[in-house]
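*Asks:* Sequential numbering from 2 applies to the sequence shown in this note's numbering. Heads up, the beta-carbon is just placed ideally off N, CA and C, and yes, glycines get one too. Can you keep this structure in mind? I'll have questions shortly.
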Amino acid sequence: MNKEIAKQLLSIGAVSLSPNEPFTWSSGIQSPIYCDNRLTLAYPAVRKMIADE
């Protein structure tokens, strides 16, 4: 199920991968991966899949 959730998050554009220009968190930590979970609000089926897991 975790792989399916990951696929769904990628398909809705919630996960951004940027190894060359990492995202900088407010703490200053940099990460090549960013997940904007707010986007799941627009996709009830994806949100339900996550909640059921």
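Should Gly14 and Leu40 be called a contact, given that it needs their Cβ atoms to be closer than 8 Å?
*Replies:* Their beta carbons are under 8 Å apart, which means Gly14 touches Leu40 by this criterion.
*Asks:* Taking the C-alpha atoms as reference points, what is the distance between Ser12 and Ala46?
*Replies:* Near 13 Å, if we compare the C-alpha coordinates of Ala46 and Ser12.
*Asks:* For Leu18, count neighbouring Cβ atoms within 10 angstroms of its own Cβ and tell me buried if that reaches 16, exposed if not.
*Replies:* With fewer than 16 other Cβ atoms within 10 Å, it is exposed.
*Asks:* Reducing DSSP to helix, strand and coil, say where Ser1 ends up.
*Replies:* The structure shown does not extend to residue 1, since the chain is modelled only from 2 to 54, so the question has no answer here.
*Asks:* Starting from Ile34, follow the beta strand (DSSP E) in both directions and report where the run begins and ends.
*Replies:* Per DSSP, Ile34 belongs to the beta strand (DSSP E) from 34-36.
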